[in-house]
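Undergrad:
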Amino acid sequence: MSFNIIILKELGFSLVFSQSKCEYIIFQKEQCGLNDIYFGFIPRQSIYPTLNAAFVTLDSERNQGFIPFTLLIKKSNQQFVIPNSVFLIQVIKEPTINKPATLTSHIFLNSFNLNLQFSGIDCKYLNLYPNIKFLHICLITLLIPSGLDINFDHSMKDILYLDLIGQSKILYYSFSNLFTKLLRIKKMPQFIFRNSNFFLPILNKLSLSSINDFFVSSYQRAVYLRHFLITHYFTIKQTDYRILFYPTAYKSMQLYYLDMLFYRSLKPIVYTLYGIFIVICKTEALISIDVNSGSHSSRVSQNLSLHTNLIASKSIIKEIKLRNLAGVIVIDFVDMIHQKDQIHLLAFFRYLLNINSVMITLIQLSDIGLLELTRKRQDQSIYDVFQIGNISKSSFLYDRILSLNKNLFKTNLLINYTLFSNVKLIYNY
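As numbered in the UniProt record's numbering, residues 1 to 429 make up the sequence shown, in order.
(1) Please look up how many angstroms separate the CB atoms of isoleucine 202 and isoleucine 6, rounded, as I've assumed it's under 8 Å.
(2) Residues bridged to glycine 275 by DSSP?
(3) Buried or exposed: where does isoleucine 343 fall if 16 or more other Cβ atoms within 10 Å of its Cβ makes it buried?
(4) Return the bridge partner residues of valine 291 from the DSSP annotation.
(5) Counting along the chain, where does the alpha helix (DSSP H) carrying aspartate 259 start and finish?
(6) Assign residue 465 to one of three DSSP states: helix, strand, or coil.
(7) Can you give the beta carbon distance from tyrosine 38 to glutamine 190, rounded, assuming they're within the 8 Å contact cut?
(8) Please list the terminal residues of the continuous alpha helix (DSSP H) segment that includes asparagine 354.
(9) Can you have a look at serine 2 and say buried or exposed, based on whether 16 or more other CB atoms are within 10 angstroms of its CB?
(10) Count the other CB atoms within 10 Å of the CB of aspartate 59; is the residue buried (16 or more) or exposed (fewer)?
(11) Counting pairs of Cβ atoms below 8 Å between the region 80-96 and the region 34-50, do you hit three or more?
(12) Would you mind listing the beta strand (DSSP E) stretches within the region 181-214 that are 3+ residues and don't spill past its ends, in chain order?
(13) Return the chain-ordered list of same chain residues with a C-beta closer than 7 Å to the C-beta of arginine 323, the five sequence neighbours on each side being excluded.
(14) Looking only at its chain, what residues have a beta carbon closer than 7 Å to the beta carbon of aspartate 335, apart from the 5 residues adjacent to it on each side?
(15) Kindly list the residues whose CB is nearer than 6 Å to the CB of aspartate 341, restricted to its own chain and excluding five residues on each side of it in sequence; keep chain order.
(16) I need the straight-line Cα distance from arginine 62 to proline 247, nearest angstrom please.
(17) Near serine 218, what residues of its chain come up, given a Cβ to Cβ distance below 7 Å and the 5 sequence neighbours on each side ignored?
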């Protein structure tokens, strides 16, 4: 499957398209984003021994996060969390409308297929990291593996060693930047580090070999993206990629009807083929999805339920990915009489999960047609991003997207495209 990527950093999101259909929406968070690192402060009144957890103050704006004691690194001779203590923590689950961010003190940095994990590093190395070379970091990794580990993703067997070197450089720059900021801390609690590269979250979901074209909102963004790809991803030199850029981000929204895409993604009713439609209802406890046959009819009535559920399954998987739904999900399929139809539906649903790379755990399919499944939450759903308590009030979307700076719409036209090696920067009128 091939993908086209639209990156609109000015608007704070990027989109992944496949065959003219949007597969993913990736948002750039203003605060408490996934993998953000803070120096958190735990007040005495925020420790709850009965819950075996505590609330951590993250910054001067009094933003808080939740951390279980099992994810909090303590000294070997320390049995309890000391009140008014300070910890280096990282966000592993983004906050929702009614839930704070979930934190951990097991810090890690990621780069495509590599994860750099470090915990309990001796302070005597702290002053060395910002100035030593990459070779020295590799040497320390070998000398103190208990404090600094590099983990490889399962898909790295298909990655060239030159690409791994490029990814290791990204880890080195992030690692050096993090510890440089740690040395300059003057007050606590405080925000420390965020990976400012807007392209990394996309490659965490996709492989570069499956991407055809990139679309960005300016010539400067196109030059930066080209430099990043050639510098850190060596396979780019063996493949032709196109980077297309537009005069403004608003121009991209007009061409691809992105405002209508968001409007549709927030509506509870999704229509599919043959008049079949599904209704998505998100509550605090769970997400319910109801399948309705609508005007769909079949010559063989006994196959109508199965055929309806198979068509609806494709749309359900797509909406889970597009809206980034997570937690407990209950799907109310049309009732099926025969058990062989239920087995057929389960096998087809698992097949869709595999080909779409959606990490979902199937629990069971009850006799009345309820499919129970769970999905681990990390990023915010589209409802949390736009902070809509009632998803029917999707008119808020236009106020959010169309309230851009007027200077963004009045950007002067850029010069014609410039050609760099085999990564083409193309200007679109």
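Even for Gly, the Cβ is constructed at its ideal location relative to N, Cα and C.
Since we're looking at a predicted model, the values are computed, not measured.
TA: Walking through what the data contain:
(1) Working through the sequence shown from its first residue, we reach residue 202 at position 202. Working through the sequence shown from its first residue, we reach residue 6 at position 6. About 10 Å; that fails the 8 Å criterion.
(2) The residue you call residue 275 lines up with position 275 of the sequence shown. Within the DSSP secondary-structure output, glycine 275 pairs in no beta bridge.
(3) Within the sequence shown, residue 343 is the residue found at index 343, counting from 1. The residue in question, isoleucine 343, is exposed, as its Cβ has fewer than 16 Cβ neighbours within 10 Å.
(4) Along the sequence shown, read from residue 1 onward, the residue named residue 291 stands at position 291. Ile278.
(5) In the sequence shown, counting from the first residue as 1, residue 259 sits at position 259. Counting along the chain, aspartate 259 sits inside the alpha helix (DSSP H) bounded by residues 258-265.
(6) Residue 465 is absent from the structure shown; the chain starts at 1 and stops at 429.
(7) As a position in the sequence shown, residue 38 is number 38, starting the count at 1. As a position in the sequence shown, residue 190 is number 190, starting the count at 1. Confirmed, Cβ separation roughly 7 Å.
(8) Within the sequence shown, residue 354 is the residue found at index 354, counting from 1. Here the alpha helix (DSSP H) through asparagine 354 covers 339-356.
(9) As a working mapping, residue 2 is identified with position 2 in the sequence shown. Exposed, by the Cβ-count rule.
(10) Here residue 59 is taken as the residue at index 59 of the sequence shown, counted from 1. Burial call: buried.
(11) yes
(12) 190-193
(13) Residue 323 sits at position 323 when you count from the first residue of the sequence shown. Contacts found: Ser265, Ser381 and Ile382.
(14) What you label residue 335 is simply residue 335 of the sequence shown in a count that begins at 1. Only Ser305, Ile368 and Gly369 meet the Cβ criterion.
(15) Here residue 341 refers to the residue found at position 341 of the sequence shown. So the qualifying residues of the chain are Leu306.
(16) Counting from one through the sequence shown, the residue named residue 62 turns up at place 62. Counting from one through the sequence shown, the residue named residue 247 turns up at place 247. The straight-line gap from Cα to Cα measures roughly 39 Å.
(17) Walking along the sequence shown from the start, residue 218 turns up at place 218. Excluding residues within five positions, the ones whose Cβ falls inside 7 Å are Phe245.
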